[in-house]
Structures are given as structure tokens and as C-alpha cells.
Amino acid sequence: MTSSRVVLTDTDSGVWLDSWKIDASNGPHLSGGSHWSINKKTLRGGLADGVDVVTLDSGEISISVLPTRGMGLWRGVCRGIPVEWRSPVIWPVHPRHVTMTERGGLGWLYGFNELLCRCGLSFNGPPGNDNGTEITLHGRIANLPAHHVSAEVSDHGPGVLSVTGVVDEAGMFSPALRMTSTVRTLVGSTAITIHDRVINFGGQPTEVELLYHTNLGRPFMEEGAKFVAPVAEVAPRDEHSARGLDRYNRYPGPVAGIPEEAFFFTLQGDATGQTTVLLKNAAGDKGFSMKWSLAELPCFTLWKNPAADADGYVTGLEPGTNYPNFRSFERERGRVIKLAPGQSIDTALTIEVHDSTEAIRQVEDHIRSLQKSEPVRFAGPHRKFSAGVE
Amino acid sequence: MTSSRVVLTDTDSGVWLDSWKIDASNGPHLSGGSHWSINKKTLRGGLADGVDVVTLDSGEISISVLPTRGMGLWRGVCRGIPVEWRSPVIWPVHPRHVTMTERGGLGWLYGFNELLCRCGLSFNGPPGNDNGTEITLHGRIANLPAHHVSAEVSDHGPGVLSVTGVVDEAGMFSPALRMTSTVRTLVGSTAITIHDRVINFGGQPTEVELLYHTNLGRPFMEEGAKFVAPVAEVAPRDEHSARGLDRYNRYPGPVAGIPEEAFFFTLQGDATGQTTVLLKNAAGDKGFSMKWSLAELPCFTLWKNPAADADGYVTGLEPGTNYPNFRSFERERGRVIKLAPGQSIDTALTIEVHDSTEAIRQVEDHIRSLQKSEPVRFAGPHRKFSAGVE
Amino acid sequence: MTSSRVVLTDTDSGVWLDSWKIDASNGPHLSGGSHWSINKKTLRGGLADGVDVVTLDSGEISISVLPTRGMGLWRGVCRGIPVEWRSPVIWPVHPRHVTMTERGGLGWLYGFNELLCRCGLSFNGPPGNDNGTEITLHGRIANLPAHHVSAEVSDHGPGVLSVTGVVDEAGMFSPALRMTSTVRTLVGSTAITIHDRVINFGGQPTEVELLYHTNLGRPFMEEGAKFVAPVAEVAPRDEHSARGLDRYNRYPGPVAGIPEEAFFFTLQGDATGQTTVLLKNAAGDKGFSMKWSLAELPCFTLWKNPAADADGYVTGLEPGTNYPNFRSFERERGRVIKLAPGQSIDTALTIEVHDSTEAIRQVEDHIRSLQKSEPVRFAGPHRKFSAGVE
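Structure representation (C-alpha cells):
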């Protein structure tokens, strides 16, 4: 096995490549196929000016990674199917244009448009004052640029393409967390795997909250689309969502001004703790699945925002170390990780696109096999999941 | 008629030109003259680093447009006369350096130095909490960069030079407004016309406030300078301004530390609703006029800030869809526009420089012709215009 | 004497050099030696992207100046000894990534990692509302980029290397202050001198606070390291610091989570008002001294933060025009400077590295010679220095 690694950004040595590309014409022979590439570009103009985009293309799925925005995934395309949603914010927003303190701590929303963005690392959930610390919506990580970025091609198996970024979320008198994220695909595959390691490089124990805000619109979400998961428990976040509990796993078409709903879950997994969830379209011939370890990401949140297309018709499939409640509540419920100095957590998350009825049936069969017991459905917000419930 | 258009910035296709120029030497023959040009530069260093400047030069007037700052007009020169004011903030400030939430929501003032900047699009006026939404001074549009910018030269008539920029003011769970602004001049002319279209590209009705904060210092403003307008009604904004009502249309020389005054107007127009206002210097040989439609911009505010030259000796001539009061008051008075999804408003504003007694007399004659009835002068703040008045 | 000056940045004329270097191979012959240089680079990637660094190297000491961060000194190296501290924030942070209003006005701390950064110009100390003005921690100057930067080499004496930057801290309806800072070294020297001039270029009297937050970690600070100064008075900032008064001039090794201490001083000087302070390591063979005029910078603060190395094991030696208390208290105590329009203040500060027992003994002898009277030691916080004390 041989592999070659190119440094795209490195603050220490002053490296930054404006654009760069490797594919079958200038890279190694990979047994999985010849239509692969890794392509680095820099966006220009508007709020996107200066945003780095690294696109991995397996030949079947391409995914655009944003080192400038905390290694989020902007959007993808799989065999012609867009893997994305349409936010009113059209292009990735450079973090220097995002002021977290705007809109009463909701400024994060001015930069929200990715297929996958992380909420964390030190806090996520709504803004507020947590024991004297002012925290803002969904934390800092999605608006912190990587100081080291590299791309790698290996001829292992069918060929492996990856991009790795290192992002520090640190400050004086503040947690010092470093995330090393690798986004990887195999040549010829329709799947993408994200491996993240978050280490406390500070000198004191520090809290971590990490949630993968994975967002999809059309064509996976549409009227009649369905969410499928091996549910252990499900509870509506609030009274409004409770009114939608009966149809929590089905999607309506867009409704202008409809308020969002959210549901909190515990899921069932296989013997090794791996679980899988699926979003499939009405016809059942286009699906998006996610696979991860419940030991790493025990909490799952489903966010339903079937607003007008122009306002962001979108649903969020959100595995996390916690639910996106205010941090003090999550701490109280024992769902905030505490990392000792030098200690780290690892997560792995695989997303995959399925474009045939047969492939989707297989995923559903697998999910059914994980469902060992009847789901518990809480009719209203439950004190285990939601604050302010007796 | 032939015209050629060059894209200077386009986020979608990754275009951005650091510098670019067209003039008689490399452009078309224009019948209005040969001393015209369009010149694109990028500012470097300090808070201005990265700001795009596109300068249109008709041969008689040149004007510098700032796509990076919401298509504001930085400053101009007409036949050697500076068309500008002198803010303590010397160069245009890149929006990434402006934090709206500083100074208790007045952070906008750290970037304020243009001949013309827009206040809006979703709100303008003072900061505060409007029904649960934190709004900041004068809104976002002046600190949002265009994601598409093009320049055009046409041989229509004497020759037409223009620059067009598209700026999105949008966010998730936030209004989605798009402004397309064209700044245009005719070869040989001393006038500049601004055409703006603001469209609601979101899926729900949304509010719009738009005010053209047009600011002038010397030589148009000076001791003895005069403001001339076809006044229907005039009211001081507050008690302090009321004490200056008698001399509202005349200017003193600079006075260090003098508090600003503001006056709210309704104006009279011609049969088609067009109105004109004028600022002329003491000698009456240098004038700056503005022309627009009262149907588009029914509200006019005069801002007088005859402070020390070093602090910004300046007056603002401000046509708008509203007065720059807190949005909730303007809404109450029916002066906040509500745009349905897909709906848009259009505005056109022409500014012109006059450099002879004769030319200025003609503008004054025209304004006099618009004055069909006696102006109503309110001695104090009036409940139609100012909040907190019984 | 001949000297040559190169403009590295100038907003007015559009100059900005990405990289540039002068040394003995392309510069003048300097009698002090041939191992000198001035080297300009631009940092790339992460939060440091776009930060200009100008490194002066005397042959014995090199120091990296940050025009992008208000002419702060990032770090130095003297004869192989690092002159720095290690913040959890590893590289200089571009001001566009620093939002002062985060963390309840403490956002400044997200960009804090320099050997020397200025706190000011209009205010320093903690955040809060000072008579209607919202101020944020330690002011704006450290996060404002210079709009004019030049480097100069002169063959005067052994050869003089310098970099000069001009930084405006201004805004509409806000103080208008301009700092011109020159950082200079002599070829063959181990010392660096900083000359700053701050002028009020506004039209009204305005307040100034200026403190040189000079920060050192290993190897100068370590267990057994000592602070030496000609103390007139010393008072602990607060009750917590009071408990450390007995050992205020000695340093422990790192202790994870230890709270910071601060001490306020008046110092003694020579007949011309010059004073000197020293930080020396345990063995007494590595020392860092600072020299300045008590007429210019009468207030001295010692900040002790012997936290875990990973959290920033650091001490601050901080001469200033004031103590870093909230501005209203400093104003009350008469320690806020008021500059009339056009008026300026000048400061000069020399830092020097000493790497032998003998050299350090000489500095200590000199400090002892300045100590003309017994130091007054206040057992607890004193009303002269700390707010809230009766």
C-alpha cells in the first residue's frame, strides 16, 4: 500500500494553497475506478470570500468539505442526486462575517446552510448565561477555521480519498479543545465517513458537547418522506412538537411559516452498539442513511422544519453526545462530557446515499433487525429530555 | 446600440478581479467624450484591507462605489470639487471589522464615512429589542458585501457607464432580502443615478425599511450654506432640535461638541410625484441636488451635525421609505413596508453636482415650482413623526 | 549617516507587500555586525490567516511585530532563549476573528497570546457600562490593524533597525486617537525599544488609557523565579491577592486551576524619572528587564498567573498610564489622561534580555540604587488602587 499526502494549509510553516487538484491524470492508479478526484478551491466574493472548499469525489459521490468552517460538509452530489438543503443563506459564510452575539446570541444562524455542521465543542444548544459564562447558539466550532489541512490518496483496497483538518477551539481563561477531523471516502463508494477526535489540550478538566447537525432537504425530504430508526424511546421536545408526535416520522410538503418541531430519542443498536437511521423519499427510491456508535453518540435529535422551500425546507438528523438543550440542563442530566487534561473522545459517523428501492429495503431490514423491543413513546415532553418538565 | 458587460465578482463561478480598468483606450467610442473610465481597485492595509472600489468617471464627475459595503458610495469628485465629508474613520471599513453589537448596538458607527450609505433593509434607526428581535443601529445592508458585481459600458446616447451589485441580506429564521443596485452615469454628465430593487426571496411576508443616508461636508456645507426643498411639513425630531427649528435650513460653521439636530419632512412633488432638494454653499455657486419619487421614498429626514471638522462636519439628506425611528414606532405609523414572497420594491435616486450660480438658480426655480402650498411647520416634535409625543 | 525606508503597507496608495526581506546581502553595511535582518511575512490558515508579521533581528535578539494587531510584539528569541509565553491560543489571531462582545465583553481573551500587547487607547480594564458607553475588556487597540507600515535601516552607530506602524482607533461619535509606534533595535544589541505617540486627532478633548501588557513564561518565569523592582508602594488588587502578598515577588511552578493574583505598584526612579524592573529565573542567569519613564507611565501592575503550562503559565509586567481597573474608578482617582484636540502623549519602553549572572547582577545593582526609601506594603487592597475599598 502506498499513500501520498499533500498539505493544503499549515499555519506553522506558512502553507496555503489557493487551488489544487489530484485525479487519475496526475495521481496514482486506484483499483476502484478512475473517476475520482480531490479538488481544492477558494470561494470568492460576498460573505463567502476566502472560504476554502475541498471536494472529495469517489466517482459515485462527491462531498464538499469546508476547512474554513470547522470541517463542516457543505453539500454533496451522488449519481446526480443533490445531497443538501437550500438555506436562504446561499454560500458558505466566512466565520469572520459571523458575529455570534447578534440576534441576542443567535448570530450563528446567519451562517447556517451546511449538509453537516458540528455544534460544540464546549457548548451547544440555545444561548444564555451558564453559571456566569455567556454562551451563544450552538457554540464556536462551526465558525473556526482549520490551521492545518491535508489531503491524502491511498491505494488501499479500492482507493481511499480523505481530507484531514485540525481546528482549535481555545482561548485564554477558556477551554482548550482541539478537533482533528478526517472525512474519507472509498473510490466507487456512495458513502462518506467522518472520524473526529477531540482532545483537551488545556491543563484542567473541561466540558464537551458535540452534536452533528446533519441537514437534508429535497429530494430526500418531501411530502410523504419517512424517517426510519430503531427507536428505544422518543419524546417531543415541547408541547408544540407533542402535537406532531403521531406523525413524527413522516414529512409534509412545505408550509410557509410552519413552526419547527423537534423530537428527542434513545436508539437501539447491534451487539457492538452500532446504530443506523434512514431518511427516505416518498417513493422509497432515494435514501440517506447514517451509521454510528451509540457508545460515542448516545443522543439523537430529529429536527423537522418543513417551511417554505424559500425559507429552508429541511430536516435535521442529529446524533450527539447530548441533546441540544441549554448546557446547564444537559449537565444536570449527566450528558455533558468532562475531559481530563490530555484526554480525548473519538467519534465516527458514516453517511450513505441509496438510490434504489432494493438498497433502501436492505437498510430498512437492517434497522428492523436492530429493533429488539417495542419503542417507548412519551406523549409529551419528558423530564429526562426536556427542561422545565415535572 | 452595443454594450459590453464585465463580471468583476461572482461567487457562483469563482470570479473576482483584484483590479480592472476600461476607458477610451481599450473600450468603445462614446459620443459624449473620451475622458471616461471605469476603474476597479482593491484597498489594502488597515481596516480597509480587501475592500473593493469601483470608480465610475463620466469625465465630469467620478464616484467610487463600494460593492464590499453594500454598494454604498464612498465619495466623488466633480470638476475638482470633492463630493464627500470627512469622518474620523478615514477609509472604508471592511464589514468583517464591524461588530454591530459593540457600543450597545451602535457598532455600525465604527464604519460610517460614506457619501451615501443605505440604512436597512430589514430595519434601520436606533438599536433595541423589537418584539423579541434584537436589532442594531441602521441595519445590516451597509456591511454586507455583494456576491455578484458587474460593470457595463454602453454607447447609448452620449455613453452610459454603470456598475451593478447584488447583495443578500438573509439568514435562517430571518428575512431573506436581495438588493440589486445599479449606479449609473452618462458620459459628460455631472449626475449619478442609483436604481435599487429589493426583493423578498423568502417564503413569508417580511418587513422592509430603506433609507438613503446621503452625507455631505465641505464645500457644500459651510457657514451660510442652505438647504432648499419643497416642504409640505417639517417637524423637529426632539426638543433639542426644536430649538433649532427657526434656522433648520441654514448651516453654522463647525462647533466642537455641538449636539446633532434632526428634522422630519413630508415634501411636495410634481404631477408625477418627483421631488428635488438642494444643498448649496454660502456663495450659491456650489450645489448638490437629489431627485427621487415620493411614491417610492415618501419620508425625508434632514440630519445636521455641524461638529468640529475633525469630528465629522456633516449634514445628511435622507430620503427613505420611513423615518429613522425605532422600527416598532414606524410600524405603528404604517411606514414599514411589508413585502409578500417574491414581491419587490424599486427606487431611483439621482444626485447631481452644480457648480455655477446659474445652474443652482435653475434648481431653486424648479424646487419653487414644486412648492404648491405653504409649508406646515410644527414647533415641536409631532406624534406623526416622533415617538413619545402625545 | 544614511538610512533607507521601505513602505510595507499604505492604504492611501494601495501598497501592501505579502513578503519582503532585507539583510546584509541586499542592504547596507552596518558596523555592528552582519547577522541582522528585517523580514516581513504573512501568516496563512486558521485564525491567523492574513496577519502581517515583521521580524527585526539584531543578530542577538529577534522580535516579531504584528502590525495587524495594533503593533503588538508576538514573541522573540535572544541567543536561543525564547522570549514569550505559551497561550492556549497558539498563533496571532486576526482582529476580524475577534468579537469583543463575546463572553460578556471578554471576547478580547480569544486573541490574547502576545509577549507585549497594548491595552487601550480609549479604555482598558474590565468590561461594563461607563456612563452610558459600553466598554469591553482592555479596549480596541490590540485588535486594530495599522494602515501604514514601514521598515527602516540606518547606519547610525552600530546600525539601527526599525518598523513603524500607524493605527487609528476612531469612530463616528467616538474618540479619534492615532498611535504611531516605532519598534527599534540596534545591531548587536539584546534590547528592543518601543516609542509610541498617541494623538487626539478629533475635535474634542478625549480620554486615554494606555497599558503595556508585557507577558512572559518560561524560561524567565519558573519555580523560584523572582521579580525585582524599586518599589515605593505595593498593594494587592483584591483579598485573594492579599493572601499572596508575602511572596508577591516570587513565583511558584505551575498549578492547574490556580486563580490569578495582581499587585498594584508605585515605583521609584532615578533623577530623570527612569525606572527599571526585572524578572529573573531561579538560577539568576536569565533575566528580562524593562525600562521606562515614570512621568510617562506612572502606574505599574504585576499580574501573576502560574497556571498549568497548557493553560498559560505567565506573568504580566505592566507599566501604564493607569491601573487596569474599570475606567470610571481610574477617572475618579485622576489616572485617566485627557487629551485636548491635537494634543499627544509619548511613551518609550525598553525591554532587554540578559543571559549571564553578571549581567543580571548589574541590573539588580541598578534597581537597588533606585530604591531610595523603604517600600510601603499595604496588607490589603487599598482605596488608592482598588475600587470598593473604604
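Protein chains in written order, with numbering that gives the first Met the number 0: chain B, 0 to 389; chain S, 0 to 389; chain P, 0 to 389.
Each residue gets a CB set at the ideal place from its N, CA and C atoms; glycine is no exception.
Here the structure is a predicted model, which means the values were calculated and not measured.
- The DSSP assignment places complete beta strand (DSSP E) segments of no fewer than 3 residues inside the region 37 to 112 of chain P at 51 to 56, 60 to 65, 71 to 77 and 80 to 82, in order along the chain.
- In the DSSP assignment, P:THR192 falls within the unbroken beta strand (DSSP E) covering 190 to 199.
- Going by DSSP, P:SER372 is part of no alpha helix (DSSP H) at all; its letter is neither H nor E.
- Buried is the label assigned to S:GLN267, since at least 16 other Cβ atoms lie within 10 Å of its Cβ.
- Of the other Cβ atoms in all chains shown, 16 or more fall within 10 Å of the Cβ of P:GLY138; this residue is therefore buried.
- Within 7 Å of the CB of B:TRP291, no CB atom of chain P is found; the nearest one sits about 28 Å away.
- Within 9 Å of the CB of B:LYS40, the CB atoms of chain S belong to GLY13, in sequence order along the chain.
- At least 8 Å separates the CB of S:GLY243 from every CB of chain P.
- In the structure shown, the three-state DSSP call for S:GLN203 is coil.
- Along the region 103 to 117 of chain B, the positions whose C-beta sits under 7 Å from a C-beta of chain S are GLY103, LEU108, TYR109 and PHE111, read in chain order.
- Distance from the Cα of B:VAL88 is smallest, within the candidate group S:HIS146, S:ASP308, S:LYS39 and S:THR8, for S:HIS146.
- P:SER173 is not a Cβ neighbour of P:THR163, given a cutoff of 8 Å.
- The shortest CA-to-CA distance from B:ILE134 to any of B:LEU209, B:ILE140, B:PHE122 and B:ASN142 is the one to B:PHE122.
- For S:SER288, the pairing in a beta bridge is given by DSSP as S:LEU277 and S:GLU351.
- With contacts defined by Cβ atoms closer than 8 Å, B:ASN248 and B:PHE219 do not form a contacting pair.
- Contact with chain S is found for P:PRO94, since one of that chain's Cβ atoms lies less than 8 Å from the residue's Cβ.
- Contacts with chain S at 8 Å (Cβ-Cβ) include B:PRO87.
- Residue range 127 to 129 is occupied by the beta strand (DSSP E) that includes S:ASP129.
- Along the region 123 to 147 of chain S, there is no position whose C-beta sits under 8 Å from a C-beta of chain P.
- Two segments are said to touch when three or more pairs of C-beta atoms, one from each, lie closer than 8 Å; by this definition the region 195 to 212 of chain S does not touch the region 32 to 43 of chain S.
- For B:SER30, the number of other beta carbons within 10 angstroms of its own is below 16, and it is reported as exposed.
- Counting C-beta atoms within 10 angstroms of its own C-beta, B:GLY333 has fewer than 16 neighbours from the protein chains shown and is therefore classed as exposed.
- DSSP, read as helix, strand or coil, puts S:ASP11 in coil.
- Remark: C-beta atoms of B:VAL276 and B:ALA231 do not approach each other more closely than 8 Å.
- P:ALA150 carries a strand assignment under DSSP once its states are collapsed to helix, strand and coil.
- Taking 8 Å as the threshold, the shortest C-beta distance from S:THR100 to chain P falls below it.
- Residue pairing by DSSP places B:ARG4 opposite B:GLU151 in a beta bridge.
- The beta carbons of P:LEU185 and P:SER57 sit about 6 Å from each other, so the pair counts as a contact at 8 Å.
- Proximity of B:ALA282 to chain P, defined by a Cβ-Cβ separation below 8 Å, is not satisfied.
- Boundaries of the beta strand (DSSP E) harbouring B:HIS212: 210 to 215, taken from the DSSP string.
- A contact between stretches requires three or more CB pairs, one per stretch, nearer than 8 Å, and the region 299 to 309 of chain P fails this requirement with the region 366 to 380 of chain P.
- Nearest C-alpha to S:SER3 among S:ASP9, S:ALA23, S:TRP15 and S:PRO27: S:PRO27.
- Assignment of S:ILE366 by DSSP, reduced to helix, strand and coil, places it in the helix class.
- Among the CB atoms of chain B, one or more fall inside 8 Å of the CB of P:LEU46.
- For the region 336 to 358 of chain B, the set of residues with a beta-carbon nearer than 8 Å to any beta-carbon of chain S is empty.
- At a cut-off of 8 Å between C-beta atoms, S:PHE219 does not count as an interface residue with respect to chain B.
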